[in-house]
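Novice: Protein sequences appear in the order of chains A and B. Under numbering that gives the first Met the number 0, think of the first position of the first sequence as 0, with each following residue one higher. Under numbering that gives the first Met the number 0, think of the first position of the second sequence as 0, with each following residue one higher. A virtual CB, placed ideally from N, CA and C, is assigned to each residue, including glycine. All of these numbers come straight from a predicted model, not from anything done at the bench.
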Amino acid sequence: MCLAIPAQVLDIDSATDMASVSLDGVRKDISLALVENVQIGDYVLVHVGYALNRISPEEAEETLRLMRSFSEFTENPPGQPATSRATAAIAAETTTGETDGPQR
Amino acid sequence: MKFVDEYRDSGLARDLARAIRDEISEDRDYRLMEFCGGHTHAIFRYGVQDLMPENLRFVHGPGCPVCVLPMARIDQAIAMATEHQVTLCTYGDLMRVPASERQSLLKAKAAGADIRMVYSTQDALRLAREDAARQVVFFAIGFETTTPPTAVALKAARAEGLRNFSVFCNHVLTPPALRAILGSGSGNGQGGDAGSTYSGNGSDDERVQIDGILGPSHVSTVIGSDAYAFVAKDHGIPLVIAGFEPLDVMQSALMLVRLINQGKSDLQNQYSRAVSPEGNTKAQALMRETLAPRDTFEWRGLGWLPNSALRVADAYADWDAERRFPVTAGPSREIKGCECPKVLRGLMEPTDCKLFGTVCSPENPMGACMVSSEGACAAYWSYGRSRQPSRPISQP
Ligand code: SF4
Ligand code: SF4
């Protein structure tokens, strides 16, 4: 029951601490009582009529970049130099980490 | 939709699945418990289990507040509405949860009790403001995600002097539940083949092994990822805070596979776009101000757990429905044959319950696991019935 949905803030009424957001294309009024310094254009996680938190676009992009790097990595033949920063990070982790797992 | 669609990309899912297969070791099992029903739902809805290697199994945990609420609390809510003639309002998820004597909020409403569904605590406050002659009780339920809106409502009611509004508080806390599941002193500190055993309140032969945990996502936006550091530290099991989209679940599974392979019991945060180490401190302060821990609270499937739930704080006693509308409630009497307690502890799969799909279905739920769409039984019913039965969870 605590599924929260990302929504973009379209309008803020600071007198009532309410905001109008676009939830999957539908305009909805939500409360900003639980968050601080929200700006128009920000993405927030909405749950039962309240913004719970802001979503960080930078962190979201970084997560996606890491995910995409798996395809680059798996397509790279072994020994091939890694291309992106994330790929390099994963490649480093994979080669330094113990991949065989502990013996049973 | 932004921040949703990207995390449902099937091409990326295939790549992540391949990366997991590449890293998995053939000669061991990976039992990953998802604490949250949101993960259970994503795993079934997107067929994530089918993309995983044979020896990686998701074990479903108790993570849905609707599923773990014992019947007695719903009996009490119904009694408040019928004996004290209050207007009882609550979230839709609760309406069909079975109560004692084949009752439910929905049936009580049909029989004349004033029971309403609300979307938000703001709607409950509005009902109270509109008619001062009516006593409005908000039947509050949920983990830490759903708790801050209740705190805001209590604060607003006191600030406005809203005397005809009160809260029947059933908010429960996830860290004590995880502790109970993991048991004290279990785990071998190094991951490895022993994993962890837990028995909850059950007997010693009722154990299941866990090698890693997918930690709550939206709960963690509120209390922060640091709140789960104890899992790695005290129980020696890796935990990854995982978002609810299918790619989030898969990337988290990969992170857990790596930690397990390395024998590391670390805490990692996959859902960093919404979860910080310290969480939402404003929401936490509001919760501390308006609510207080209960000495003990009953969880369906886990029994009575100390310091695992919240009540209305003394400073807000005038807005506490339990003090204003006392009701006597008998012990919970679960429906005979319902295996929810075992399902919630990962000890049994829903399809092993004799009532599953015969008398028990989402249209006519016998236990709470079939009510919420995040319950394991409902997830199996909606998405999993055509699947091959999965391999039995290997026992120590
Ligand atoms: S976030 Fe909350 S309601 Fe949602 S699945 Fe997890 S525990 Fe259940
Ligand atoms: S199938 Fe129904 S009766 Fe059986 S455990 Fe699930 S909810 Fe309970």
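List the residues of chain A that residue 271 of chain B touches, going by C-beta distances under 9 Å, in chain order.
Specialist: To locate residue 271 of chain B, count along the second sequence from 1; it is residue 272. Neighbours of residue 271 of chain B on chain A, chain order: 55, 58, 59, 61, 62.
Novice: Check whether the Cβ atoms of residue 137 of chain B and residue 88 of chain B sit closer than 9 Å, and answer yes or no.
Specialist: Against the second sequence, residue 137 of chain B aligns to sequence position 138. Against the second sequence, residue 88 of chain B aligns to sequence position 89. The answer is yes: Cβ separation under 9 Å.
Novice: Residues of chain B with CB under 9 Å from residue 34 of chain A, in chain order?
Specialist: Counting from 1 along the first sequence, the entry for residue 34 of chain A is found at position 35. Per Cβ cutoff of 9 Å: 279, 281, 282.
Novice: If you follow the alpha helix (DSSP H) that residue 27 of chain A is in, where does it begin and where does it stop?
Specialist: Counted from its first residue, the first sequence places residue 27 of chain A at position 28. Element bounds for residue 27 of chain A: not the alpha helix (DSSP H) but the beta strand (DSSP E), 25-30.
Novice: Please determine, among B:166, B:103, B:107, the residue with the shortest C-alpha to C-alpha distance to residue 127 of chain B.
Specialist: In the second sequence, counting from the first residue as 1, residue 127 of chain B sits at position 128. Answer by Cα proximity: B:166.
Novice: Using a Cβ cut-off of 8 Å, pull out every chain A residue sitting near residue 373 of chain B, in sequence order please.
Specialist: The residue given as residue 373 of chain B occupies position 374 in the second sequence. By Cβ distance, chain A contributes 0, 2.
Novice: For the beta strand (DSSP E) containing residue 158 of chain B, name the first residue and the last one.
Specialist: By one-based count along the second sequence, residue 158 of chain B stands at place 159. That residue, residue 158 of chain B, is in no beta strand (DSSP E); its alpha helix (DSSP H) goes 146-159.
Novice: List, from N- to C-terminal side, the alpha helix (DSSP H) runs of 4 residues or more that fit wholly inside the segment 40-123 of chain B.
Specialist: Fully enclosed alpha helix (DSSP H) runs of 4 or longer: 47-50, 64-67, 70-82, 104-109.
Novice: Around the C-beta of residue 9 of chain A, are 16 or more other C-beta atoms found within 10 angstroms, so that it is buried, or is it exposed?
Specialist: Along the first sequence, read from residue 1 onward, the residue named residue 9 of chain A stands at position 10. Flag for residue 9 of chain A reads exposed.
Novice: Determine whether the Cβ of residue 64 of chain B lies closer than 9 Å to any Cβ atom of chain A.
Specialist: Sequence index remark: in the second sequence, residue 64 of chain B carries index 65 (1-based). It does; some Cβ of chain A falls within 9 Å.
Novice: Is residue 337 of chain B near ligand 2, judged by its Cβ being under 8 Å from some heavy atom?
Specialist: Counting from one through the second sequence, the residue named residue 337 of chain B turns up at place 338. Yes, the beta carbon of residue 337 of chain B sits closer than 8 Å to at least one heavy atom of ligand 2.
Novice: Starting from residue 283 of chain B, trace the alpha helix (DSSP H) in both directions and tell me its first and last residue.
Specialist: The count along the second sequence starts at 1 and reaches residue 283 of chain B at position 284. Element bounds for residue 283 of chain B: 280-289.
Novice: Roughly how many angstroms separate the alpha carbons of residue 61 of chain A and residue 52 of chain A, rounded to a whole number?
Specialist: Here residue 61 of chain A is taken as the residue at index 62 of the first sequence, counted from 1. Here residue 52 of chain A is taken as the residue at index 53 of the first sequence, counted from 1. So the alpha carbons of these two residues sit roughly 18 Å apart.
Novice: Should residue 70 of chain B be listed as close to ligand 2, given that the test is whether its C-beta is under 8 Å from any heavy atom?
Specialist: Numbered from its first residue, the second sequence carries residue 70 of chain B at position 71. No, since every heavy atom of ligand 2 falls outside the 8 Å radius drawn around the Cβ of residue 70 of chain B.
Novice: Assign residue 322 of chain B to buried or exposed, taking buried as 16 or more other Cβ atoms, counted over all protein chains shown, within 10 Å of its Cβ.
Specialist: Taking the second sequence and counting its residues from 1, the one referred to as residue 322 of chain B is at position 323. That one is exposed.
Novice: So which residues of chain A does residue 119 of chain B contact, with C-beta pairs closer than 9 Å?
Specialist: For this step, residue 119 of chain B is matched to residue 120 along the second sequence. What residue 119 of chain B touches in chain A: 29, 30, 47, 48, 49.
Novice: Tell me whether residue 226 of chain B sits in a helix, a strand or coil according to DSSP, three-state version.
Specialist: Position 227 of the second sequence, counted from the start, is the residue given in the question as residue 226 of chain B. Residue state, collapsed to three classes: helix.
Novice: What does residue 52 of chain B touch in chain A if you count any residue whose Cβ is under 8 Å from its own?
Specialist: As a first step, residue 52 of chain B is located in the second sequence; it is residue number 53 there, counting from the start. What residue 52 of chain B touches in chain A: nothing, since even the nearest Cβ is about 13 Å away.
Novice: Going by C-alpha to C-alpha distance, which of B:26, B:298, B:214 sits closest to residue 341 of chain B?
Specialist: Translated into the one-based positions of the second sequence, residue 341 of chain B becomes position 342. Closest option to residue 341 of chain B, Cα to Cα, is B:298.
Novice: With a 10 Å radius around its C-beta and 16 neighbouring C-beta atoms as the bar for buried, classify residue 236 of chain B as buried or exposed.
Specialist: Mapped onto the second sequence, residue 236 of chain B falls at position 237. It counts as buried.
Novice: Determine the DSSP secondary structure at residue 215 of chain B, reduced to helix, strand or coil.
Specialist: Within the second sequence, numbered from 1, the residue matching residue 215 of chain B stands at position 216. Here residue 215 of chain B sits in coil by DSSP.
Novice: Going by DSSP, what residues sit across from residue 305 of chain B in a beta bridge?
Specialist: One-based indexing of the second sequence puts residue 305 of chain B at position 306. According to DSSP, residue 305 of chain B bridges with B:295.
Novice: Which chain B residues sit within Cβ distance under 7 Å of residue 67 of chain A?
Specialist: The residue you call residue 67 of chain A lines up with position 68 of the first sequence. What residue 67 of chain A touches in chain B: 11.
Novice: Starting from residue 23 of chain A, find everything on chain B with Cβ-Cβ shorter than 7 Å and list it in chain order.
Specialist: Walking along the first sequence from the start, residue 23 of chain A turns up at place 24. The answer, in chain order, is 0.
Novice: Using a Cβ-Cβ cut-off of 9 Å, state whether residue 46 of chain B counts as contacting chain A.
Specialist: Position 47 of the second sequence, counting from 1, holds the residue named residue 46 of chain B. By this cut-off, residue 46 of chain B is not an interface position.
Novice: Find the residues of chain A that neighbour residue 39 of chain B, judging by a C-beta separation of less than 7 Å, and give them in chain order.
Specialist: By one-based count along the second sequence, residue 39 of chain B stands at place 40. Correct list: empty, because the minimum Cβ distance to chain A is about 12 Å.
Novice: Have a look at B:317, B:291, B:21 and flag the residue whose alpha-carbon is nearest the alpha-carbon of residue 309 of chain B.
Specialist: As a first step, residue 309 of chain B must be located in the second sequence, where it is residue number 310. Checking every option, the nearest Cα to that of residue 309 of chain B belongs to B:291.
Novice: Could you tell me which chain A residues have their CB closer than 8 Å to the CB of residue 147 of chain B, listed as they occur along the chain?
Specialist: In the second sequence, the residue the question calls residue 147 of chain B occupies position 148. The answer, in chain order, is 33, 49, 51.
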